[in-house]
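>
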Amino acid sequence: MLSEIPLSYFLVVSTLMFFIGIYGFLTRRNLITILMAVELILNSVNINFVAFNRYLFPDQLEGHFFSLFIIAVAAAEAAVAIAIIISVYRRYSNIDVERVDTMKF
Amino acid sequence: MSIHELMFYLFSGMILLFSVLTVTSRRILRAAVYLLFVLVSTAGIYFMLNYQFLAAVQLTLYAGGIVVLIIFSILLTSHISQKFEPIGVKKMVFSALAVAAGALLSIMAILDYGFDTVVTTSQNPDMELIGTSLLSYEKNGYVLPFEVISVLLLAAMVASIVIAKKEKSK
């Protein structure tokens, strides 16, 4: 049964995934790989919400709906981010964050 | 070891392995495919927790939609055979240290805190319940966020078309 696995195991997995995403966010230089790291972070937060809902409030659906809306917002975010990336690529012909610095002070 | 435990260790091992590969792989298309594996294993975890609708949404929207979008934009913006130059040792060491410190702190806090978990009956919320609570405006109803998210999706769609459109040449 599910009760053999404690809640904290899920939380540890999602914590590790979150920080792996942050590592990618800090070390990557290509804009698309940074976007993939952000997707990892959002996904780990979803696991948290779902595990909390199943273990702490199994007769309600708050965490379930929260993850649904997070997935929808992540889709919108990815669409806008990729549009911006394509626009940047058209202007500078690369998407390396260290070479796109026209607006830097 | 029961089948549940086995599934949990399988899925979480896949998630961790492929997350690390996603952020360290030097070929961008491979990184996108590893991300796909991470998202599919997450859907497996949702199936294990008995949220089948959420797992289906995860598979169709994340694994089917977002990863395909990312792969398309990779094909538009970079050469497939191109490899990233390796990141500097100093940057890598300091990022890894910061990340390890944060992860250690959070995991210690999690393991230290005693959650009083309810013994779950582990039932799957059926489609009827999900549908009615998405459209209900009473207690435990989600009609307001549902409508807001539909406006947000429309706005995002219009915005991404306007941003990615070619400017008129004069």
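If you read the sequences in order, they're chains A and B.
The opening position of the first sequence corresponds to residue 1272 in our numbering, with each subsequent residue numbered one higher.
The opening position of the second sequence corresponds to residue 75 in our numbering, with each subsequent residue numbered one higher.
Built from N, CA and C at the ideal position, the CB exists for glycine as well.
Predicted model only: the values in this text are computed from it and were never measured.
Would you identify the three-state DSSP class for residue 1367 of chain A, choosing helix, strand or coil?
Here residue 1367 of chain A sits in strand by DSSP.
> Is the CB-CB distance between residue 1374 of chain A and residue 96 of chain B below 9 Å?
Taking 9 Å as the Cβ cut-off, residue 1374 of chain A and residue 96 of chain B do not qualify as a contacting pair.
> Going along the region 161-190 of chain B in order, which residues come within less than 7 Å of chain A, judged by CB to CB distance?
Those residues of the region 161-190 of chain B that come within reach of chain A (Cβ to Cβ, closer than 7 Å) are 161, 165, 166, 169, 170, 173, 176, 177, 180, 181, 184, 185, 189.
> Under 6 Å Cβ to Cβ from residue 1314 of chain A, same chain only, skipping five residues before and after it: list those, please.
Hits under 6 Å: none found.
> In three-state DSSP terms, what is residue 240 of chain B?
In this structure, residue 240 of chain B counts as coil in the three-state DSSP scheme.
> How about residue 1310 of chain A: is its C-beta nearer than 9 Å to some C-beta of chain B?
Yes - at least one Cβ of chain B is within 9 Å of the one on residue 1310 of chain A.
> Roughly how many angstroms separate the alpha carbons of residue 192 of chain B and residue 1324 of chain A, rounded to a whole number?
The alpha-carbon atoms of residue 192 of chain B and residue 1324 of chain A are separated by roughly 10 Å.
> Hey, does residue 76 of chain B have any beta-carbon neighbour from chain A nearer than 9 Å?
Chain A contact via Cβ: present.
> 9 Å is my cut-off, CB to CB: does residue 1376 of chain A come that close to chain B?
Chain B, which has no Cβ nearer than 9 Å to the Cβ of residue 1376 of chain A, makes this no.
> Quick check: what's the CA-CA separation for residue 1283 of chain A versus residue 107 of chain B?
Straight-line Cα distance between these residues: approximately 24 Å.
> Is there contact here, the region 163-179 of chain B with the region 1288-1306 of chain A, by at least three beta-carbon pairs under 8 Å?
Contact between the region 163-179 of chain B and the region 1288-1306 of chain A is present, because at least three Cβ pairs lie under 8 Å.
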